[in-house]
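Undergrad: What follows is a structure written as structure tokens; I'll ask about it next.
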Amino acid sequence: MFEGLLIVLGPMCLGYFFKTKNTALLQRINQIVMLLLYVILFIMGVSLGHLDDLANTLPLIGISAFTFALIIQGCNILGLILYDKLRPQPLNHLGKDLPSRGRLLLDSAKLCSMVLIGFVVGILTKEWLAFPFSTSTYALVLLIFFVGIQLRNNGIALREVIFNKRGLYTGLVFILTSLLGGIISAYVLDLPVTQGLAIASGFGWYSLSSVVINDAWGPVFGSIAFFNDLSREIVSLFIIPFFMFNYRSTAVGMAGATALDCTLPIIQRSGGIEVVPLAISFGFVTNIVPPILLVFFSSIPLA
Numbered sequence: 000m001f002e003g004l005l006i007v008l009g010p011m012c013l014g015y016f017f018k019t020k021n022t023a024l025l026q027r028i029n030q031i032v033m034l035l036l037y038v039i040l041f042i043m044g045v046s047l048g049h050l051d052d053l054a055n056t057l058p059l060i061g062i063s064a065f066t067f068a069l070i071i072q073g074c075n076i077l078g079l080i081l082y083d084k085l086r087p088q089p090l091n092h093l094g095k096d097l098p099s100r101g102r103l104l105l106d107s108a109k110l111c112s113m114v115l116i117g118f119v120v121g122i123l124t125k126e127w128l129a130f131p132f133s134t135s136t137y138a139l140v141l142l143i144f145f146v147g148i149q150l151r152n153n154g155i156a157l158r159e160v161i162f163n164k165r166g167l168y169t170g171l172v173f174i175l176t177s178l179l180g181g182i183i184s185a186y187v188l189d190l191p192v193t194q195g196l197a198i199a200s201g202f203g204w205y206s207l208s209s210v211v212i213n214d215a216w217g218p219v220f221g222s223i224a225f226f227n228d229l230s231r232e233i234v235s236l237f238i239i240p241f242f243m244f245n246y247r248s249t250a251v252g253m254a255g256a257t258a259l260d261c262t263l264p265i266i267q268r269s270g271g272i273e274v275v276p277l278a279i280s281f282g283f284v285t286n287i288v289p290p291i292l293l294v295f296f297s298s299i300p301l302a
């Protein structure tokens, strides 16, 4: 377990030490992160295509991912709305100029297409192509290193995170309801509770959860984790503007780990500048906790 934590947290901490004001370099890092993500998803698709008995495997992935997404996100909404009801803090005004949902959906479709392309390649090359076992892990280490650089250079100050209590409380409610949803999903699907908790611990960080769980239990569960976490990003495109005015914690919380990157523009434009500190604090929590929980739960032997 400690080796796994070192593999995940070490590169992030190392990357966090790199501070630069070179915008061209930061743009190049953003491109590298996306390239590594595509590589990881392609390799996962190839591994999936190499599996035997695909007729039974694919329905299992689809049903399981849908069940996890529905239950976990349902628990998130109920818990976060309850928190907003008990501690109401409506916005003074709404933001404007939401980014195109169509464009954001297209980005999500590109990610799915990489898995699909890898899957087709895996089927066609099943007899002669095999990636080294740790290829996706090496790619993940590089990706997390560059994510650490992004975190440091996105203007995230620890003071802003520590003193935003609502962001921390929103993160706590989100984490607890996600884990509860993972437990319920495990019982519904007749899976070990530790697997349910592990899949629930991605919090929308699909590039991390898919690799960690793929290494622990194979490409079937890695694919379930990927589609479960990717669905959060897609659902967030519609949830965030809908809940933002009266239920700001619900709107931000449903984004999960993506509140710090791809859904942050939606949060900012739908809620205005006043909601950004909440999103940063919450996003910081949901980017730090997943590596710890994923490695911990995936290292527990299955009963």
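Under numbering that gives the first Met the number 0, the first residue of the sequence shown is numbered 0, with each subsequent residue one higher.
Just so it is clear, CB atoms sit at the ideal spot from N, CA and C, and this is done for glycine as well.
Under the three-state reduction of DSSP, which class applies to R86: helix, strand or coil?
TA: In the sequence shown, the residue the question calls residue 86 occupies position 87. Coil.
Undergrad: Could you say which of V119, G181, S184, Y246 lies nearest to T169 if we only look at CA atoms?
TA: Locating residue 169 in the sequence shown gives position 170, where the first residue counts as 1. With distances taken between Cα atoms, T169 lies closest to Y246.
Undergrad: Throw me the rounded Cβ distance for the S46 and P218 pair, which I believe falls under 8 Å.
TA: Residue numbering aside, residue 46 sits at position 47 when the sequence shown is read from its first letter. Residue numbering aside, residue 218 sits at position 219 when the sequence shown is read from its first letter. Going by Cβ atoms, the distance from S46 to P218 rounds to 4 Å, so yes, they are a contact pair.
Undergrad: My guess is that S248 and D228 are in contact by the Cβ rule of under 8 Å, so how many angstroms apart are they, rounded?
TA: Start at 1 with the first residue of the sequence shown, and residue 248 comes out as number 249. Start at 1 with the first residue of the sequence shown, and residue 228 comes out as number 229. The pair is not a contact, with the Cβ atoms about 20 Å apart (cut-off 8 Å).
Undergrad: In its own chain, which residues sit with a C-beta less than 6 Å from the C-beta of N286, not counting the 5 before and 5 after it?
TA: To locate residue 286, count along the sequence shown from 1; it is residue 287. Taken in chain order, the residues that qualify are A256, L259.
Undergrad: Does DSSP classify Y246 as helix, strand or coil?
TA: As a position in the sequence shown, residue 246 is number 247, starting the count at 1. Correct three-state label for Y246: coil.
Undergrad: What's the gap between the Cα of M43 and the Cα of L81?
TA: Locating residue 43 in the sequence shown gives position 44, counting from the first residue. Locating residue 81 in the sequence shown gives position 82, counting from the first residue. If I take the Cα positions, the gap works out to 38 Å.
Undergrad: Cα separation between S135 and R86?
TA: What you label residue 135 is simply residue 136 of the sequence shown in a count that begins at 1. What you label residue 86 is simply residue 87 of the sequence shown in a count that begins at 1. Each residue's alpha carbon lies about 43 Å from the other.
Undergrad: Going by alpha carbons, who is nearest to L301 out of G121, Y137, Q194?
TA: Locating residue 301 in the sequence shown gives position 302, counting from the first residue. L301 has its Cα closest to that of Q194, out of G121, Y137, Q194.
Undergrad: Please check the pair F236 and I265, which I expect to be a contact at CB under 8 Å, by giving their CB distance rounded to whole angstroms.
TA: For the purposes of this step, residue 236 is taken as residue 237 along the sequence shown, with counting starting at 1. For the purposes of this step, residue 265 is taken as residue 266 along the sequence shown, with counting starting at 1. Note that residue 236 is Leu in the sequence shown here, rather than Phe. Rounded, the Cβ-Cβ distance is 7 Å, consistent with contact.
Undergrad: Within the continuous alpha helix (DSSP H) that includes K164, where are the two ends?
TA: Counting from one through the sequence shown, the residue named residue 164 turns up at place 165. Taken as a continuous stretch (DSSP letters only), the alpha helix (DSSP H) holding K164 covers 164-188.
Undergrad: Among L77, L13, V140, which has the Cα closest to the Cα of M253?
TA: As a working mapping, residue 253 is identified with position 254 in the sequence shown. When only C-alpha atoms are compared, the closest one is L77.
Undergrad: Mark Y205 as exposed unless 16 or more other C-beta atoms lie within 10 angstroms of its C-beta, in which case mark it buried.
TA: For the purposes of this step, residue 205 is identified with residue 206 of the sequence shown, where counting begins at 1. So Y205 ends up on the buried side.
Undergrad: May I ask you to report which of helix, strand or coil DSSP gives L50?
TA: The residue given as residue 50 occupies position 51 in the sequence shown. Of the three classes helix, strand and coil, the one that applies to L50 here is coil, per DSSP.
Undergrad: Assuming contact is defined by CB atoms lying nearer than 8 Å, are L178 and A199 in contact in what I supplied?
TA: The residue labelled residue 178 in the question sits at position 179 within the sequence shown. The residue labelled residue 199 in the question sits at position 200 within the sequence shown. Going by C-beta atoms, L178 is nearer than 8 Å to A199.
Undergrad: For P191, does the three-state DSSP call read helix, strand or coil?
TA: Working through the sequence shown from its first residue, we reach residue 191 at position 192. In this structure, P191 counts as coil in the three-state DSSP scheme.
Undergrad: Could you tell me how far apart the beta carbons of I39 and L142 are, in whole angstroms, since I believe they sit closer than 8 Å?
TA: Within the sequence shown, numbered from 1, the residue matching residue 39 stands at position 40. Within the sequence shown, numbered from 1, the residue matching residue 142 stands at position 143. Indeed, because the Cβ distance is near 7 Å, the residues count as touching under 8 Å.
Undergrad: Let me make sure I understand the geometry here. Which of I223, P290, A224 has the alpha-carbon closest to that of P10?
TA: Position 11 of the sequence shown, counted from the first residue, corresponds to residue 10. If we check each option's Cα against that of P10, P290 comes out closest.
Undergrad: Here's the rule: buried if 16 or more other CB atoms are within 10 angstroms of the residue's CB, otherwise exposed. What is L175?
TA: As a working mapping, residue 175 is identified with position 176 in the sequence shown. It counts as exposed.
Undergrad: What number of angstroms, rounded off, separates the C-alpha of L167 from the C-alpha of V120?
TA: Position 168 of the sequence shown holds residue 167. Position 121 of the sequence shown holds residue 120. Taking the straight line joining both Cα atoms gives about 43 Å.
Undergrad: Determine the extent of the alpha helix (DSSP H) in which P290 is found, giving its start and end residues.
TA: What you label residue 290 is simply residue 291 of the sequence shown in a count that begins at 1. Residues 275-297.
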